[in-house]
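Participant:
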Amino acid sequence: MSTPEWIQKKIQEVKNNNLTELNLSYNQLSSLPSEITNLTNLTRLDLSDNQLSSLPSEITNLTNLTSLDLRNNQLSSLPSEITNLTNLTRLYLDGNPLENPPLEVCKQGIEAIREYFQKLEEEGYDTIYEAKFIIVGEAESGKTSLMNKLLDPSYKVAQVEESTHGIGIRTLLFTCQEDQEFRVNIWDFGGQEIYHQTHQFFLTKRSLYGLVTDSRKEHCHLDYWLQIVEILSENSPMMIIKNDKSGKVEIGNEGQIRDRFKVMIKDVLDTDLKTNKGLERIDARMKEYIQELPHVGNKLPKAWARVREAIEKDERDYISLDEYLKLCEECNYKSEQKEQEEQKDGRLILSEFLHDLGVILHFQKDKSSLLYDTVILKPEWGTQAVYELLKRENNPVKEKLGKFTFDDLEIIWGDTRYKGKSRELLELMKNFKLCYELKWVEPKTFIAPQLLGEIPPQYQWNPENNLRLIYQYDFMPKGIMSQLIVEMH
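Per our numbering, residue 73 is the first one in the sequence shown, and the count goes up by one each step.
(1) Can you check DSSP and say which residues form a bridge with Glu202?
(2) Looking only at its chain, what residues have a beta carbon closer than 8 Å to the beta carbon of Glu482, apart from the 5 residues adjacent to it on each side?
(3) Within 10 angstroms of the Cβ of Lys334, are there 16 or more other Cβ atoms? Answer buried if so, exposed if not.
(4) Would you give the residue range spanned by the alpha helix (DSSP H) that Thr216 belongs to?
(5) Under a three-way DSSP split, which group does Met553 fall into?
(6) Roughly how many angstroms separate the alpha carbons of Leu283 and Glu302, rounded to a whole number?
(7) Rounded to a whole number of angstroms, what is the C-alpha to C-alpha distance between Val321 and Asp286?
(8) Is Tyr563 helix, strand or coil by DSSP?
(9) I need the straight-line Cα distance from Gln100 to Gly167, nearest angstrom please.
(10) If you measure between the beta carbons of Val229 and Leu244, is that distance less than 8 Å?
(11) Could you tell me the boundaries of the alpha helix (DSSP H) in which Phe333 lies?
(12) Are the stretch 484-504 and the stretch 529-542 touching, with three or more C-beta to C-beta distances below 8 Å?
(13) Pairs of beta-carbons, one from the stretch 170-185 and one from the stretch 431-441, closer than 8 Å: are there three or more?
(14) Just verifying my parser: in three-state terms, what is the DSSP assignment at Val321?
(15) Given Leu124, which residues of its chain have a CB within under 8 Å of its CB, disregarding the five upstream and five downstream residues?
(16) Does the count of Cβ pairs from the stretch 454-473 and the stretch 193-205 closer than 8 Å reach three?
(17) Would you check if there are 3 or more beta carbon pairs closer than 8 Å linking the stretch 114-132 to the stretch 147-156?
(18) By the 10 Å Cβ neighbour count, where 16 or more other Cβ atoms means buried, how is Tyr543 classified, buried or exposed?
(19) Just tell me which of Pro169, Asn113, Ser139 and Ile258 has its CA closest to the CA of His367.
(20) According to DSSP, is Val379 part of a helix, a strand, or is it coil?
(21) Per DSSP, what kind of secondary structure is Ile542 in: helix, strand or coil?
(22) Using beta-carbon positions only, say whether Ile207 and Leu192 come within less than 8 Å of one another.
Shown next as structure tokens:
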């Protein structure tokens with residue numbers, strides 16, 4: 073759609089009037105009117121809720137811009153020249169299918185975007201041939217068997233497959249269409265309900281999902297998994313894999329499911345993992361679909377790629393923030409001197425990018441938190457520690473209906489892998505909204521709502537002068553009530 077005539081006329085009228093603010097939202101604009109770049113006195117420009125698919129480099133003529141609103145357009149990339157808008161402090165980009173810079177960079181704001189383009193200009197880039205294949209489904213459906221079979225088709229499936237507790241992560245390498253080595257990070261999610269609340273932090277966008285169902289079970293909770301992935305991953309592509317354990321592979325109301333989730337479901341495939349029936353097709357489809365993910369082939373600054381590779385090779389579960397900054401320097405990634413004290417260190421921009429990708433865990437919102445000074449290189453290390461506390465079997469915290477003290481943590485996490493990190497892991501649980509502290513109780517005592525008793529305590533509620541609120545959910549993710557309890561304390 074060309075620029076509406078009335079807009080062109082209006083811009084001409086105000087051209088010489090020293091206009092400082094202009095709102096062109098909700099006008100179905102598919103391109104930026106060239107006349108706008110002549111309004112050099114603009115400080116605020118609102119182009120939200122249009123159909124813009126690109127920005128011209130001439131936008132840098134608007135050197136006085138301090139605020140640019142581009143929300144809810146069709147932008148897949150930004151021109152590097154946007155970093156020349158040195159007065160720009162507020163850039164709004166939500167609701168765009170951005171790939172360059174990566175969405176995880178753009179969400180951090182204009183400062184991170186400047187850092188990204190600066191590093192590209194300084195050293196060039198590496199191309200990303202890497203993605204996550206996330207396997208979800210109910211417990212004992214065959215998720216771990218599928219992961220092992222993709223890694224090694226000769227793998228022998230046990231009569232009773234050992235359940236995954238928490239998250240299992242493995243790597244599969246293959247040669248892709250561009251004759252490049254493609255890295256698939258396979259994430260195998262434990263299906264037990266106790267794990268669902270932490271899984272949500274790793275069900276990332278820009279991933280391929282595999283939903284494994286067990287043909288023996290009447291209820292495989294397809295709707296639940298489809299809806300949770302739909303919400304948390306924003307319609308990332310999914311393969312439904314029907315694991316035949318009994319000679320039947322039908323899914324009830326499959327037609328309705330395909331229709332309801334047609335944007336997300338790429339394929340429904342049958343297999344018998346014990347005999348490798350259908351495995352070759354699953355492997356081929358997985359490799360085909362994962363190469364089609366929008367971010368594959370994107371540019372990553374060479375300095376960022378070096379740090380990422382060093383982290384992957386590091387065998388430590390966690391390091392201090394100072395050790396992470398030193399690791400960056402060893403990879404020849406040093407922070408530039410910032411003109412203003414509040415400007416963010418480029419290495420912290422990178423760690424937030426890697427955190428959002430699920431490569432590491434580094435929580436930066438609260439600088440006073442223990443987690444700010446800890447960079448978890450192996451996310452499964454942190455989640456496994458949490459699961460040790462929340463597990464149903466042989467658990468003193470479960471026996472005490474979710475109540476625990478710091479001394480309990482020292483016992484549960486006394487394993488050498490977690491020794492000395494109980495305080496940081498407790499902060500991790502708080503961050504995941506898995507526990508809260510009881511105020512004014514000594515010694516310090518905490519409650520994990522997931523482990524509360526099923527029978528509520530006897531309590532006489534006073535019904536007078538109550539304000540009643542009713543929340544109705546079309547779909548309620550598991551664990552939401554536990555999170556609500558934590559938030560209310």
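A virtual CB, placed ideally from N, CA and C, is assigned to each residue, including glycine.
Facilitator: Looking at the atomic coordinates:
(1) Here residue 202 corresponds to residue number 130 of the sequence shown, with the count starting at 1. Arg255, per the DSSP bridge assignment.
(2) Here residue 482 corresponds to residue number 410 of the sequence shown, with the count starting at 1. So the list reads Ser494, once near-sequence residues are dropped.
(3) In the sequence shown, the residue the question calls residue 334 occupies position 262. Lys334 should be labelled exposed.
(4) Here residue 216 is taken as the residue at index 144 of the sequence shown, counted from 1. That run of the alpha helix (DSSP H) goes Lys215 to Leu223.
(5) Taking the first residue of the sequence shown as 1, we reach residue 553 at position 481. Here Met553 sits in helix by DSSP.
(6) Mapped onto the sequence shown, residue 283 falls at position 211. Mapped onto the sequence shown, residue 302 falls at position 230. Distance between the alpha carbons of Leu283 and Glu302: 12 Å.
(7) The residue you call residue 321 lines up with position 249 of the sequence shown. The residue you call residue 286 lines up with position 214 of the sequence shown. Interpretation of Val321 is limited by its pLDDT of 49, a score under 50 that renders its predicted location unreliable; the figure taken from the coordinates is listed afterwards. Looking at the two C-alpha atoms, the distance is approximately 8 Å.
(8) Residue 563 is absent from the structure shown; the chain starts at 73 and stops at 561.
(9) Taking the first residue of the sequence shown as 1, we reach residue 100 at position 28. Taking the first residue of the sequence shown as 1, we reach residue 167 at position 95. Going from the Cα of Gln100 to the Cα of Gly167 covers about 15 Å.
(10) Numbered from 1 along the sequence shown, position 157 holds the residue referred to as residue 229. Numbered from 1 along the sequence shown, position 172 holds the residue referred to as residue 244. Their beta carbons are not under 8 Å apart, which means Val229 does not touch Leu244 by this criterion.
(11) Position 261 of the sequence shown, counted from the first residue, corresponds to residue 333. Here Phe333 belongs to no alpha helix (DSSP H), and DSSP marks it neither H nor E.
(12) no
(13) no
(14) As a first step, residue 321 must be located in the sequence shown, where it is residue number 249. Its pLDDT being 49, under 50, Val321 is placed unreliably in this model, and the value from its coordinates should be taken loosely. In the structure shown, Val321 sits in coil (DSSP, three-state: anything other than H, G, I, E or B).
(15) Translated into positions along the sequence shown, residue 124 becomes position 52. Result list for Leu124: Leu101, Ser102, Ser103, Leu104, Leu142, Asn145, Gln146 and Leu147, in chain order.
(16) no
(17) yes
(18) Here residue 543 is taken as the residue at index 471 of the sequence shown, counted from 1. Tyr543 is exposed by the Cβ-count criterion.
(19) Counting from one through the sequence shown, the residue named residue 367 turns up at place 295. Among Pro169, Asn113, Ser139 and Ile258, the Cα nearest to that of His367 belongs to Pro169.
(20) By 1-based counting over the sequence shown, the position of residue 379 is 307. Helix at Val379.
(21) Position 470 of the sequence shown holds residue 542. Coil, per DSSP.
(22) Taking the sequence shown and counting its residues from 1, the one referred to as residue 207 is at position 135. Taking the sequence shown and counting its residues from 1, the one referred to as residue 192 is at position 120. Cβ atoms of Ile207 and Leu192: not closer than 8 Å.
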